[in-house]
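Participant: Chains A and B supply the protein sequences, listed in that same order.
Under my numbering, read the first sequence as residues 1 to 254, first letter to last.
Under my numbering, read the second sequence as residues 1001 to 1254, first letter to last.
Glycine included, C-beta positions come from ideal geometry on N, C-alpha and C.
Let me give you the structure first, and then I'll get to my questions.
2 protein chains.
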Amino acid sequence: MSEARLIPEPPKRNRNLRVVLVEVRNPLNIGAVARAMSNFGFADLRLVRPYDTAYREAVSAVGAGAVLQNSTVFDSVAEAVADCRLVVGATGLGHRQPQHSLYRLELAARQVRRALEVGPVALLFGSEKFGLSNDHVSHCHWLLRIPTRRGHESMNLAQAVAVCLYELIRSPLAARHCLQAVDKATGEELERLTLLLQDVLQHAGYSDYGAAPTAAEKTHRLVRRLSLDSRDASVLTGMLRQIFWRLRHPGETN
Amino acid sequence: MSEARLIPEPPKRNRNLRVVLVEVRNPLNIGAVARAMSNFGFADLRLVRPYDTAYREAVSAVGAGAVLQNSTVFDSVAEAVADCRLVVGATGLGHRQPQHSLYRLELAARQVRRALEVGPVALLFGSEKFGLSNDHVSHCHWLLRIPTRRGHESMNLAQAVAVCLYELIRSPLAARHCLQAVDKATGEELERLTLLLQDVLQHAGYSDYGAAPTAAEKTHRLVRRLSLDSRDASVLTGMLRQIFWRLRHPGETN
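As structure tokens, then:
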């Protein structure tokens, strides 16, 4: 199967995702989030009350891509999610408000993907230092959590966004196919190599494999265990041919 | 199911993973990779020929964690992977050498997980600017590729590491359970709310729902569609009770 089929263009539903960063301070983080969005085929970046200088720095940075250039700034979470039919907050362990359901990313992404099919969805991320406040969380339908290790839950903002977006675009089907497979050697190629190896070993006086037919069997098994592709089988055969020639003509120049 | 069961301690196989960064230049990237490793429960960070100052800056940075402090520096890829039984290179599209199999991350991670059960595995990442060179790639058994969008394949180094490690620790089973579920309202709670709503509407003279029994059916359906949890049903019932009281006692103080 060709890679083109396995890494398709971003589906139309990607257009329904809004990544909303609330009160983010670091221009590098804003840029890194935009880059991750572009990597995974998402375009709608919204910033709620970013630190002014941080935002201006990020947008004017060399290499600021289309996602950043087209990002929009809002004064409140309410305005940033006004067009969204589902609002999901990403959280560490800071906001375990019992009135909100909390899903691990694997399950959350499944629900977000379904919601994206039918309308706009916002993914909310809080500031680097404080995450989402109770006020921000009150705009969310439910919360998601990346399954980080107990004791070190808090992720870098842009890494958290990257992991969430990856989970949204990952494909269980893709786990079934190799992007680029190498042709394995054929039985004929392996047999040619094996017989040549036996000749070389015999001429070289290698005796560890003992007398035929055990030696023959052992070289057969050895060569098959190498799991050679076609190209490497051919290269090895060429090497052995040269070695075999040299063994039979020790004094001659090539 | 409790969150403790859904986000377990890192399995022992995590100890078998070596994250190998080859010729990385930016101390922020080294620190960010170490943080992602700590988030996902991996500890063995190896650097091949890092820019000296970058490495020293990263290790001496405030907040440099245990992963960074315990990282090791090697002079060559060969030395860095000497104890590994599988070496996998992470690549964009730069190194499509036909002699290497290339797997999408979803499939690659499945194979890496299996290999981690039985021995050390190295995941190789190249420099921010050039990725892995042909020479570095020659130490790999095969390559993996994060399924980024055509036209913007190249990810930030630490984000790429974070996404790969997340795929290694993600659990398909986790997609079946909610970490923190809110108790839905019982039929009794919903019925109490519905009857009270009907009383209020009648007293308020609301007529859009027409005459009973249609109106009764409509309020029943409306309340069920709200998909209320127990707590919110109770709050709404309280609100309606107060409104109902006020409707019947318009002049009185509370």
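(1) Can you tell me which of the three DSSP states Thr148(A) falls into?
(2) Quick check on DSSP: helix, strand or coil for Cys140(A)?
(3) Contact between the stretch 1056-1069 of chain B and the stretch 158-178 of chain A: three or more CB pairs below 8 Å?
(4) Is the beta carbon of Leu1197(B) sitting closer than 8 Å to the one on Arg1241(B)?
(5) Evaluate Thr1253(B) with the Cβ neighbour count: other Cβ atoms within 10 Å of its Cβ, from every protein chain shown; 16 or more gives buried, anything less gives exposed.
(6) At 7 Å on the CB atoms, spell out the chain B contacts of His152(A), in chain order.
(7) Quick check: Ala1090(B) and Leu1017(B), are their CB atoms within less than 8 Å of each other?
(8) Among the candidates Gly1065(B), Asp1052(B), Val1048(B), whose CA atom is the shortest distance from the CA of Phe1074(B)?
(9) In the DSSP assignment, find the unbroken alpha helix (DSSP H) run with Thr237(A) in it and report its ends.
(10) Let me know if Ser60(A) comes out buried or exposed under the rule of 16 or more other beta-carbons within 10 Å of its beta-carbon.
(11) Tell me whether Thr1072(B) sits in a helix, a strand or coil according to DSSP, three-state version.
(12) Between Gly119(A) and the rest of its own chain, which residues show a CB-CB distance below 6 Å, the 5 nearest in sequence each way excluded?
(13) How many angstroms separate the CA atom of Val235(A) from the CA atom of Ala185(A)?
(14) Buried or exposed: where does Glu106(A) fall if 16 or more other Cβ atoms within 10 Å of its Cβ makes it buried?
(15) Could you work out which residue in Val1161(B), Ala1122(B), Ala1115(B) is closest to Glu1079(B) when comparing CA atoms only?
(16) Is it buried or exposed for His1139(B), if we count other Cβ within 10 angstroms and need 16 for buried?
(17) List the residues of chain B that Ile169(A) touches, going by C-beta distances under 8 Å, in chain order.
(18) Taking C-beta pairs closer than 7 Å, name the residues in chain B that Pro163(A) reaches, listed in chain order.
(19) Output needed in chain order: residues of the stretch 1010-1035 of chain B with a Cβ under 7 Å from some Cβ in chain A.
(20) Locate the alpha helix (DSSP H) running through Asp1199(B), then write down its first and last residues.
(21) If I measure Cβ to Cβ from Phe1040(B) and keep anything under 7 Å in the same chain, skipping five residues before and after, which residues do I get?
(22) Could you give the distance in angstroms between the alpha-carbon of Ala32(A) and the alpha-carbon of Gly151(A)?
(23) Check the Cβ-Cβ distances between Gln159(A) and every residue of chain B, and say whether any is below 8 Å.
(24) Considering Cys164(A), what are the terminal residues of the alpha helix (DSSP H) in which it resides?
(25) So, is the C-beta of Ser1101(B) closer than 8 Å to a C-beta in chain A?
(26) Under a Cβ-count criterion, where at least 16 other Cβ atoms within 10 Å of its own Cβ denotes burial, should Asn1029(B) be classed as buried or exposed?
(27) Quick check on this structure: which residue in Pro1172(B), Thr1219(B), Ala1158(B) has the alpha carbon closest to the alpha carbon of Leu1045(B)?
(28) Given a cut-off of 8 Å, decide if Arg1104(B) and Pro1172(B) are closer than it, judged by their beta-carbon atoms.
(29) Is the beta carbon of Arg1035(B) less than 8 Å from the beta carbon of Glu1117(B)?
(30) Determine which residues of the stretch 102-127 of chain A have a Cβ less than 7 Å from any Cβ of chain B, and write them out in chain order.
(31) Between which two residues does the beta strand (DSSP E) holding Ala1122(B) run?
(32) What runs of the alpha helix (DSSP H), each 4 residues or longer, lie entirely inside the stretch 33-58 of chain A?
(33) Among residues of its own chain, excluding the 5 on either side of Val77(A), which ones have a beta-carbon nearer than 8 Å to its beta-carbon?
(34) Would Met1155(B) count as contacting chain A if we go by Cβ distances under 8 Å?
(35) Following the continuous beta strand (DSSP E) through Ala1090(B), name the residue where it begins and the one where it ends.
(36) Tell me which residues of the stretch 1179-1204 of chain B have at least one Cβ-Cβ distance to chain A shorter than 8 Å, keeping chain order.
Facilitator: In short, the structure shows the following:
(1) Correct three-state label for Thr148(A): coil.
(2) Cys140(A): coil per DSSP, three-state reduction.
(3) Pairwise C-beta distances place the stretch 1056-1069 of chain B out of contact with the stretch 158-178 of chain A, as fewer than three of them are shorter than 8 Å.
(4) Their beta carbons are not under 8 Å apart, which means Leu1197(B) does not touch Arg1241(B) by this criterion.
(5) Counting C-beta atoms within 10 angstroms of its own C-beta, Thr1253(B) has fewer than 16 neighbours from the protein chains shown and is therefore classed as exposed.
(6) Chain order gives the chain B residues near His152(A) as Ser1038, Asn1039, where near means a beta carbon separation below 7 Å.
(7) It is not a contact, given that the beta carbons lie outside the stated cut-off.
(8) A check of alpha carbon separations from Phe1074(B) across Gly1065(B), Asp1052(B), Val1048(B) identifies Val1048(B) as the nearest.
(9) Going by DSSP, Thr237(A) is part of the alpha helix (DSSP H) stretching over 230-248.
(10) By the neighbour-count criterion, in which 16 or more other beta carbons inside 10 Å mark a residue as buried, Ser60(A) falls on the exposed side.
(11) Three-state DSSP puts Thr1072(B) in a strand.
(12) So the list reads Arg85, once near-sequence residues are dropped.
(13) Rounded to the nearest angstrom, the gap between the Cα atoms of Val235(A) and Ala185(A) is 11 Å.
(14) Taking all protein chains in view, the Cβ of Glu106(A) is crowded by 16 or more other Cβ atoms within 10 Å, so the residue is classified as buried.
(15) Among Val1161(B), Ala1122(B), Ala1115(B), the Cα nearest to that of Glu1079(B) is on Ala1122(B).
(16) Counting Cβ neighbours within 10 Å, His1139(B) comes out buried, since at least 16 surround it.
(17) Among the residues of chain B, those whose CB is under 8 Å from the CB of Ile169(A) are Pro1147, following chain order.
(18) Looking at the sequence provided, one finds Val at residue 163(A) rather than Pro. Result: Ala1162, Val1163, Tyr1166.
(19) Cβ contacts with chain A come from Pro1010, Ala1032, Arg1035.
(20) In the DSSP annotation of this structure, the continuous segment of the alpha helix (DSSP H) that includes Asp1199(B) starts and ends at 1187-1204.
(21) Result list for Phe1040(B): Leu1165, Tyr1166, Ile1169, in chain order.
(22) Ala32(A) and Gly151(A): Cα-Cα distance of roughly 25 Å.
(23) Chain B, which has a Cβ nearer than 8 Å to the Cβ of Gln159(A), makes this yes.
(24) Taken as a continuous stretch (DSSP letters only), the alpha helix (DSSP H) holding Cys164(A) covers 157-169.
(25) Closer than 8 Å to some Cβ of chain A, the Cβ of Ser1101(B) qualifies, so yes.
(26) In the assembly as shown, Asn1029(B) is a buried residue. Its beta-carbon has 16 or more other beta-carbons within 10 Å.
(27) Cα-wise, what sits closest to Leu1045(B) is Ala1158(B).
(28) Cβ distance not < 8 Å, so Pro1172(B) and Arg1104(B) don't count as in contact.
(29) The answer is no: Cβ separation not under 8 Å.
(30) Cβ contacts with chain B come from Leu102, Tyr103, Arg104, Glu106, Leu107, Arg110.
(31) Unbroken beta strand (DSSP E) run through Ala1122(B): 1121-1125.
(32) Runs found: none.
(33) So the qualifying residues of the chain are Val20, Val22, Val48, Leu124, Asp135, His136, His139.
(34) At least one CB atom of chain A sits nearer than 8 Å to the CB of Met1155(B).
(35) Ala1090(B) -> beta strand (DSSP E) spans 1086-1090.
(36) Listed by position, the residues of the stretch 1179-1204 of chain B near chain A (Cβ gap below 8 Å) are Leu1179, Gln1180, Ala1181, Val1182.
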